[in-house]
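Report on one structure; see the data block that follows.
2 protein chains.
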Amino acid sequence: MRSENEPFGQKPRSFIEEARRAQIVGSAVAVIAEAGFAKASLARIAEHAGVSKGVISYHFAGKDELMEEVVRHSYEGAAEHVAARMEGLSTATELVRTHILAVAEHMRGHRDQIKALGEIFNNLRTADGSPRFGINGNEELYRMLEHLYRLGQAAGEFRPFDTRVMAVTHQAAVDTMFAYWVANPDHDLAAHARELADLIERACRA
Amino acid sequence: MRSENEPFGQKPRSFIEEARRAQIVGSAVAVIAEAGFAKASLARIAEHAGVSKGVISYHFAGKDELMEEVVRHSYEGAAEHVAARMEGLSTATELVRTHILAVAEHMRGHRDQIKALGEIFNNLRTADGSPRFGINGNEELYRMLEHLYRLGQAAGEFRPFDTRVMAVTHQAAVDTMFAYWVANPDHDLAAHARELADLIERACRA
DNA sequence: TCATTTTCTGACCGCATGGCCAAAATCTAG
DNA sequence: CTAGATTTTGGCCATGCGGTCAGAAAATGA
Numbered sequence: 001m002r003s004e005n006e007p008f009g010q011k012p013r014s015f016i017e018e019a020r021r022a023q024i025v026g027s028a029v030a031v032i033a034e035a036g037f038a039k040a041s042l043a044r045i046a047e048h049a050g051v052s053k054g055v056i057s058y059h060f061a062g063k064d065e066l067m068e069e070v071v072r073h074s075y076e077g078a079a080e081h082v083a084a085r086m087e088g089l090s091t092a093t094e095l096v097r098t099h100i101l102a103v104a105e106h107m108r109g110h111r112d113q114i115k116a117l118g119e120i121f122n123n124l125r126t127a128d129g130s131p132r133f134g135i136n137g138n139e140e141l142y143r144m145l146e147h148l149y150r151l152g153q154a155a156g157e158f159r160p161f162d163t164r165v166m167a168v169t170h171q172a173a174v175d176t177m178f179a180y181w182v183a184n185p186d187h188d189l190a191a192h193a194r195e196l197a198d199l200i201e202r203a204c205r206a
Numbered sequence: 001m002r003s004e005n006e007p008f009g010q011k012p013r014s015f016i017e018e019a020r021r022a023q024i025v026g027s028a029v030a031v032i033a034e035a036g037f038a039k040a041s042l043a044r045i046a047e048h049a050g051v052s053k054g055v056i057s058y059h060f061a062g063k064d065e066l067m068e069e070v071v072r073h074s075y076e077g078a079a080e081h082v083a084a085r086m087e088g089l090s091t092a093t094e095l096v097r098t099h100i101l102a103v104a105e106h107m108r109g110h111r112d113q114i115k116a117l118g119e120i121f122n123n124l125r126t127a128d129g130s131p132r133f134g135i136n137g138n139e140e141l142y143r144m145l146e147h148l149y150r151l152g153q154a155a156g157e158f159r160p161f162d163t164r165v166m167a168v169t170h171q172a173a174v175d176t177m178f179a180y181w182v183a184n185p186d187h188d189l190a191a192h193a194r195e196l197a198d199l200i201e202r203a204c205r206a
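Those protein sequences? They're chains W and P, same order as listed. In this text, residue positions in the first sequence follow this note's numbering: the first is 1, and each later residue adds one. In this text, residue positions in the second sequence follow this note's numbering: the first is 1, and each later residue adds one.
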C-alpha cells in the first residue's frame with residue numbers, strides 16, 4: 001500500500017524538490033485554515049501557491065500524501081517545542097502541567113496549523129471511507145501520556161486511577177481547548193491552559 | 001433561508017409522510033454509521049431505504065435538512081433519558097455524575113446514532129464551508145453545564161474555578177469517551193463513564 | 001367507479017473533483 | 001552550444017455528487 005520509501009527513510013530529494021514541497025505544504029495549510037477542508041481542492045491550493053495544478057501531482061503521490069505531509073510538518077514543530085520545555089523537569093506533576101502549557105504556548109503562534117490539523121483529522125478518509133487519522137491514530141500519544149501518569153502514580157504524587165481514561169481525557173481536553181480557541185479567537189488560550197492544568201492536577205493528586 | 005415552518009412549529013404532516021421521514025432518517029443513521037459521512041450519499045441512503053433517490057428530495061428540503069433531522073432525532077432521545085435520570089436529584093455532585101453516567105447508559109444501546117452524530121458534527125458544512133455544528137453549536141450545552149457547576153460552587157460543594165473551561169472540558173471528555181468507544185467496541189463504556197465521573201468530581205470538589 | 005391529490009420513479013442536468021498526460025519550458029552537464 | 005533530464009503547463013477525463021422533473025403509480029374520497 002505504501003510507496004517504497006519506508007525501508008531507509010525517504011529517497012533523496014533535490015533542493016528544488018524540497019523547496020516546492022515545502023511551499024505547497026504551506027499553501028495547503030493556509031487554504032485549509034481559511035476555507036476549510038471541504039473547499040481545499042488541489043486547484044485552490046495550486047492557485048494559492050501560484051503554480052499549476054499538475055505541479056502538486058508531480059511532487060506528491062496524491063492529495064493524501066500532501067495532507068499527511070501537512071500533519072507531519074505541524075506535529076513535528078509542536079513536538080520539538082514541547083520536548084524542549086519538558087527537558088530537565090522531574091516530578092510528574094510538573095511534567096503534566098508543562099506538557100499542557102507548552103503545547104498551548106506553541107500553538108498560540110500557529111493558529112493556521114492547528115486549524116488545518118483539526119480539519120484534516122476530522123475529514124481525511126482512506127479509500128474505504130474510514131478516518132485516516134481516527135482516534136486510534138492517537139495511540140502513540142496515549143501511551144506517552146499513560147507513561148507520564150504511571151510515573152506519578154509510582155512516585156506517590158498521583159492517586160490510583162485508570163491511566164487510559166486519564167490519557168484519553170487529557171488529550172480530548174487539550175484538543176478541544178484548541179478547537180474552542182480557533183472558533184473563538186478572542187478566547188484567552190494561555191489562561192485556559194493554566195485552568196486546564198489545574199483541573200487535571202486536582203483530578204490526579206493523591 | 002429557512003422554510004416557512006418555524007412560526008408555529010412544523011406544518012402538519014400526513015401519516016405516510018411522517019413514516020417515510022422516519023424511515024429515511026433511520027436509513028441515514030445506518031448508512032452514515034456503516035460507511036462514514038463522506039460515502040453517505042443520497043443514492044446510498046435511498047438504496048438502503050429501498051426507495052428511489054427522488055423520494056428523499058420529495059420528503060426533505062435537501063440533504064442538509066435530512067442531516068439536521070438525524071441530529072435532532074438522536075439528541076432528543078438522549079436528552080429525554082438523561083432528564084429522566086436527573087429528576088429528583090439535588091446536589092450538584094450527584095447531578096454532574098448522573099449526567100455523565102446517564103448519557104453513557106443511553107448511548108450504550110445506540111451506537112449507530114452516536115457514531116452518525118460524530119460523523120455529522122465533524123463533516124457537515126454550510127454553503128460557505130464553515131462547520132454546520134461547530135464547537136459554537138455546543139453553546140446551549142455549555143450554558144447548561146455552567147449552570148450546574150455554578151450551582152455546586154454556590155452550594156459550597158465545588159471550589160471556585162472557571163466554569164466555561166470546566167464545561168468545555170466536561171463536554172470534550174464525554175464526546176471523546178464515545179468516540180473512543182465507537183473506535184474500540186470492546187472498550188468498557190460504563191466503566192469509562194464511572195472513571196470519568198470520578199475525575200471530574202475530584203477536579204471540582206472544594 | 002372515476003376524478004383528484006399524493007407519492008414515487010428513473011432518467012437527466014450541471015458541477016466540482018482528483019488524477020492524467022503530451023507537449024512546452026527550464027535547468028544542468030559535458 | 002547542445003543534448004538530455006527535470007520541471008511545469010493547461011487542457012482533458014471519468015467519476016460521483018445533489019438536485020430536478022415529467023410522467024407513472026398509488027392512495028383518496030365522493
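Note that the Cβ used here is the ideal one computed from N, Cα and C, for glycine as well. Model, not experiment: these values are computed from the prediction.
| task | Within its chain, find whatever has a CB closer than 7 Å to the CB of G9 (chain W); leave out the 5 residues flanking it on each side and keep chain order. | result | Residue confidence is low: G9 (chain W) scores 35 on pLDDT, short of 50, so the model does not pin down where it sits. Its coordinate-derived value is still stated next. So no residue of the chain qualifies.
| request: With 9 Å as the threshold, decide whether the Cβ of R125 (chain P) is near any Cβ in chain W. | output: Contact of R125 (chain P) with chain W is assigned, a C-beta pair being separated by under 9 Å.
| Going by alpha carbons, who is nearest to A154 (chain W) out of W:A92, W:A83, W:R164, W:Y180? | Among W:A92, W:A83, W:R164, W:Y180, the Cα nearest to that of A154 (chain W) belongs to W:A92.
| field | Cβ of E207 (chain W) within 9 Å of any chain P Cβ | value | Missing from the structure shown is residue 207 (chain W); chain W here goes from 1 to 206 and no further.
| query | Whose Cβ in chain P lies nearer than 7 Å to the Cβ of V165 (chain W)? | reply | By Cβ distance, chain P contributes H192, E195, L196.
| Cβ-Cβ distance between M177 (chain P) and L196 (chain P) below 9 Å | Yes, the Cβ-Cβ distance between M177 (chain P) and L196 (chain P) is below 9 Å.
| Does the separation of the CB atoms of Q113 (chain P) and A33 (chain P) fall below 9 Å? | Against a cut-off of 9 Å, the Cβ pair of A33 (chain P) and Q113 (chain P) comes out as a contact.
| request: Note down, one range per segment and in chain order, each alpha helix (DSSP H) of at least 4 residues found wholly within the region 8-83 of chain P. | output: Considered as a whole, the region 8-83 of chain P harbours 15-35, 42-49, 53-59 as its complete alpha helix (DSSP H) runs of no fewer than 4 residues, in chain order.
| message | Is P185 (chain P) close to chain W? Criterion is C-beta to C-beta, closer than 9 Å. | response | It does not; no Cβ of chain W falls within 9 Å.
| query | By Cβ distance, which residues of its chain are closer than 8 Å to E157 (chain W), with the 5 residues on each side in sequence left out? | reply | Within its own chain, the residues whose Cβ lies closer than 8 Å to the Cβ of E157 (chain W), once the five positions on either side in sequence are excluded, are T91, A92, T93, C204, R205, A206, listed in chain order.
| query | From F15 (chain P) to Q23 (chain P), what does the alpha carbon distance come to, in whole angstroms? | reply | Distance between the alpha carbons of F15 (chain P) and Q23 (chain P) is about 12 Å.
| field | Cβ-based burial, G152 (chain W) [other Cβ within 10 Å; buried from 16] | value | In summary, G152 (chain W) is buried, with 16 or more beta-carbon neighbours lying within 10 Å of its beta-carbon over all protein chains present.
| Sorted by chain position, which residues of the same chain lie with C-beta nearer than 6 Å to H73 (chain W)'s C-beta, five sequence neighbours on each side aside? | Contacts found: V25.
| said: Is there a Cβ of chain P sitting closer than 9 Å to that of T176 (chain W), yes or no? | reply: Closer than 9 Å to some Cβ of chain P, the Cβ of T176 (chain W) qualifies, so yes.
| Beta-carbon separation (whole angstroms), L145 (chain P) vs Q171 (chain P), contact threshold 8 Å | Yes, they are in contact, since the Cβ atoms of L145 (chain P) and Q171 (chain P) sit about 7 Å apart, within 8 Å.
| message | Please classify Y180 (chain W) as buried or exposed, where buried requires at least 16 other C-beta atoms within 10 Å of its C-beta. | response | Counting Cβ neighbours within 10 Å, Y180 (chain W) comes out buried, since at least 16 surround it.
| Taking DSSP as the reference, what is the three-state secondary structure of F158 (chain P)? | Correct three-state label for F158 (chain P): strand.
| said: I need the DSSP call for R125 (chain W), collapsed to helix, strand or coil. | reply: Here DSSP, grouped into helix, strand and coil, assigns R125 (chain W) to strand.
| query | Should R20 (chain W) be labelled buried (16 or more other beta-carbon atoms within 10 Å of its own) or exposed? | reply | Buried, because 16 or more other Cβ atoms sit within 10 Å of the Cβ of R20 (chain W).
| Touching by the beta-carbon criterion (3+ pairs, under 8 Å), the region 102-120 of chain W and the region 74-83 of chain W | By the Cβ test, the region 102-120 of chain W is in contact with the region 74-83 of chain W, since at least three Cβ pairs between them sit closer than 8 Å.
| task | Out of W:F161, W:R159, W:L199, W:T163, point me to the one whose CA is closest to V174 (chain W)'s CA. | result | Across the set W:F161, W:R159, W:L199, W:T163, the C-alpha of W:L199 shows the shortest separation from the C-alpha of V174 (chain W).
| query | Do N122 (chain P) and N122 (chain W) have their CB atoms nearer than 9 Å? | reply | N122 (chain P) places its beta carbon less than 9 Å from that of N122 (chain W).
| task | Quickly, what does DSSP pair R205 (chain P) with across the bridge? List them, please. | result | In DSSP, R205 (chain P) forms a bridge with P:F158.
| task | Could you name the residues of the same chain whose beta carbon sits closer than 7 Å to that of A30 (chain P), not counting the 5 residues immediately before and after it, in chain order? | result | When the five nearest sequence neighbours on each side are left out, the beta carbons in the same chain lying within less than 7 Å of the beta carbon of A30 (chain P) are those of H48, D112, in order along the chain.
| task | Starting from the Cα of E69 (chain W), find the closest Cα among W:F161, W:L124, W:M166 and give me that residue. | result | Checked all of W:F161, W:L124, W:M166; the closest Cα to E69 (chain W) is W:L124.
| Exposed unless 16 or more other CB atoms sit within 10 angstroms - verdict on R159 (chain W) | Exposed: under 16 other Cβ atoms inside 10 Å.
| message | Considering Cα atoms alone, identify which of W:E17, W:A83, W:V165, W:G129 is closest to R194 (chain P). | response | Taking only the C-alpha atoms, the option nearest R194 (chain P) is W:V165.
| said: Do R132 (chain P) and M67 (chain P) have their beta-carbon atoms positioned less than 9 Å apart in this structure? | reply: Yes, Cβ-Cβ distance for M67 (chain P) and R132 (chain P) is below 9 Å.
| query | If you measure beta-carbon to beta-carbon, which residues of the region 32-48 of chain P are closer than 7 Å to chain W? | reply | Listed by position, the residues of the region 32-48 of chain P near chain W (Cβ gap below 7 Å) are A35, G36, A38, K39.
| Cross-chain neighbours of F161 (chain W) in chain P, by beta carbon under 8 Å | Those within 8 Å of F161 (chain W) in chain P are E195, D198, L199.
| field | Same chain only: Cβ atoms within 8 Å of F60 (chain P), ignoring 5 sequence neighbours per side | value | Setting aside the 5 residues that flank it on each side, F60 (chain P) is surrounded in the same chain by R21, I24, L66, E69, each with a C-beta closer than 8 Å to its C-beta; the list follows chain order.
| What number of angstroms, rounded off, separates the C-alpha of V182 (chain W) from the C-alpha of G134 (chain P)? | Computed Cα separation, rounded: 11 Å.
| request: Please state if the CB of A38 (chain W) and the CB of G129 (chain P) are separated by a distance shorter than 9 Å. | output: Contact flag set, yes.
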